[in-house]
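Below is one structure, written out as structure tokens, with a few remarks after it.
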Amino acid sequence: MPTPPSEEQVLAWFDDLSNWGRWGSEDRLGTLNHLTPAKRVSAAQLVQEGLSVSCSWDIRTGQQPGATVESQRYMLSTGLGLSDEGRRNWMGRAGGAQEFIGMVFHGLDVTHLDSLAHLFWDGKMYNGAPASLVSDRQGALQHDVLAVSDGVVTRGVLLDIARLRGVDVLDANDQVYPEDLEAAEAAAGVRLEPGDVLLMRTGEGGARRSEGKKYNPNKPRSGYQAACLPWLHERGISMIGSDVAQDCSPAGYRTVTMPIHMVGIVAMGLWLIDNCQLENLAATCERLGRWEFQFALAPIRFQGVTGSPTNPLAVF
Amino acid sequence: MNIDTPLLIVGGGPGAVAAAEIASGYSVPCLMVGHVAGIGPDPEFPVPLAAEAVAALVPHGVLDVLRPYLAVVDPPTLSPRVFEEVLKQHSIADMNVTVYDGLEVVEREVSEAGVNAVLTDGRTRWSLSADALIDTTDFPENLSEAVLRAAAEVLAVLSRPGRA
């Protein structure tokens, strides 16, 4: 196993890998600046079978596997009681149903996009914006999820590290290093390029699926080791996702417990999709024998919100 | 893999999650291990938070986390189980808090210098060192008293000489 970078090295990456100012002082896109119109056109050529695969988990309005709090669902009107005496009159043929939904999507359950307002380091967001621009009253006044209101359409690549290792799920101490990403690239016959979305599979989604409500995500788990940060920076990756919340845990650092999140979002402006469901995608890639596809993601256009539940799609 | 954390929190109950979130409010990273909710005598029964407990939670934004789940807004009233499950979910998404369930801290050695222990899931063992330990095993069962005890313990950790 490669030697992990020291904590001092990881802390130095806040400066060394910083994209602050690289695309201007008003930039809100961060690493999505790597995504060009030509890249979108090129990615569209990958649609050959006409097959679309979701990379999201269902959002239950009961309790999520591993969640301690249920999403709140209040039915405002339902189909119950329509046959009751007096409920229908001579005009009463139409009916309908509506609900109120409330949830916390950040965490280890819901498939969601982190906007660049999600995290702060030393009181700053990406590109030096003060953390105080996220307030109780107004939410995120800068770097909310509206930065990607036109969606993300580009080439997606699945690097299946569990498949590379020949295991169902990576052991918690089996962290993913750049060498693993490159080995998976070689196995898949692809190379990550600027503007690509990287989806990395640890196999944790298979455990979540098989264990159902007994699944416990609050445990040591595999994920990207911090050493991947310079690799992601050099390759110009626009967005990453995985079937965990990106960072391995324990990451091995005292002050930066989630370095992929912290350095990635705050310094690099890297967009993260946490808790993807990659089991169906991995099976499709295996069946078709290709690990690249058109990737499409459209977050909900929440004003002032630090991310969005999302349903990323891989189109073959 | 070794785990090095400024603050280790063990034990169940609302005091554990309160301590984690209050510590996070002071930007102190912590590891909460083996938290189990609903261990008090009447965890489902909503109770009002005492003014002193509210005062301990407000500066750290903890009361805001609970707000959507309050049975009564003023005084803030909720059951101990709701208190700890909502705060635990928040802790899971909190960059300063690492939550491990289903694991156990064994071979614990506590000294003035800190804590050395082993964390295990029964198959794998991780060496664990922490500057300080909060063990909620003997925390009060009353929700407000548990919150106040958690706040006091966090303040004691913060006041230790040479803390991180």
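Going down the list, the sequences are from chains A and B.
In my numbering, each residue carries its 1-based index in the first sequence increased by 22.
In my numbering, each residue carries its 1-based index in the second sequence increased by 481.
Each residue gets a CB set at the ideal place from its N, CA and C atoms; glycine is no exception.
Note that the structure is a prediction, hence the values are computed from the model and not measured.
Boundaries of the alpha helix (DSSP H) in which W45/A is found, first to last residue: Element bounds for W45/A: n/a, residue is neither H nor E.
The beta strand (DSSP E) spanning A598/B covers which residue range? 595-601
If the cut is a Cβ gap below 7 Å, which residues of chain B does A194/A touch? T605
Which stretch, first to last residue, makes up the alpha helix (DSSP H) that contains P540/B? From DSSP, P540/B is part of no alpha helix (DSSP H); its letter is neither H nor E.
Roughly how many angstroms lie between the CA atoms of A552/B and P527/B, to the nearest whole one? 7 Å
For a test of the three-state rule: what should DSSP assign to E207/A, helix, strand or coil? helix
Can you give me the Cβ contacts of E201/A inside the same chain, cut-off strictly under 7 Å, excluding the 5 residues immediately before and after it? P24
Interface flag, D166/A vs chain B, CB-CB below 8 Å: no
Check whether L192/A and R257/A have beta carbons under 8 Å apart: no
Can you list the residues of chain B that D265/A reaches, using a CB-CB cut of under 8 Å? Within chain B, no residue comes near D265/A; the closest Cβ sits about 17 Å away, beyond 8 Å.
Cβ pair L181/A, A151/A closer than 8 Å: no
Per DSSP, what kind of secondary structure is L614/B in: helix, strand or coil? strand
Which residues in chain A have a C-beta closer than 9 Å to the C-beta of L624/B? List them in chain order. The premise fails here: L624/B is roughly 17 Å from chain A at the closest Cβ pair, so nothing lies under 9 Å.
Using a beta-carbon distance below 8 Å, is K241/A in contact with chain B? yes
Out of V32/A, Q197/A, D38/A, D265/A, state which residue places its alpha-carbon closest to the alpha-carbon of L303/A. D265/A
Does the beta-carbon of A594/B have 16 or more other beta-carbons within 10 angstroms, so that it is buried, or is it exposed? exposed
Cβ of E29/A within 8 Å of Cβ of T277/A? yes
Name the two residues that bound the continuous beta strand (DSSP E) containing A318/A. 314-319
Are any of the Cβ atoms in chain A nearer than 8 Å to that of E502/B? no
Mind listing the chain B neighbours of R276/A? Cutoff is C-beta to C-beta under 8 Å, in chain order. D485, T486, P487, P510, A645
Proximity of L135/A and L254/A at Cβ, strictly below 8 Å: no
Give the range of the alpha helix (DSSP H) segment to which G329/A is assigned. Premise fails: G329/A lies in the beta strand (DSSP E), 329-331, not in any alpha helix (DSSP H).
What would DSSP say about V174/A, mapped onto helix, strand or coil? strand
Nearest residue (CA-CA) to E525/B, options E634/B, A497/B, A499/B, S560/B: S560/B
Mind pulling the chain A residues with CB within less than 7 Å of P549/B? G124
Looking at chain A, which residues of the region 548-569 of chain B have a Cβ within less than 7 Å of any of its Cβ atoms? P549, E566, V567, K569
Assuming E533/B and L629/B are in contact, meaning their beta carbons sit under 8 Å apart, how far apart are those beta carbons, in whole angstroms? 6 Å
Looking at the C-beta of T617/B, does it have a partner C-beta in chain D at a distance below 8 Å? Within the model displayed, chain D is absent; protein chains A and B are what it includes.
Beta carbons nearer than 8 Å to chain A: which residues of the region 568-592 of chain B have them? K569, Q570, H571, I573, A574, M576, N577, T579, V580, Y581, D582, G583, L584
Positions along the region 137-166 of chain A whose CB lies within less than 8 Å of some CB in chain B: L141, D158
Contact belief for L568/B with V543/B at Cβ below 8 Å, rounded distance in angstroms: 7 Å
Does any C-beta atom of chain B lie closer than 8 Å to the C-beta of H283/A? yes
Assign N483/B to one of two classes, buried (16 or more other C-beta atoms within 10 Å of its C-beta) or exposed (fewer than that). exposed
Between the C-alpha atoms of D190/A and E71/A, what's the straight-line distance to the nearest angstrom? 27 Å
Thinking C-alpha only, which one of G274/A, S260/A, W313/A, E308/A is nearest L8/A? Past the edges of chain A, shown from 23 to 338, lies residue 8/A, and the structure says nothing about it.
Could you check what DSSP says for N302/A in three-state terms: helix, strand or coil? helix
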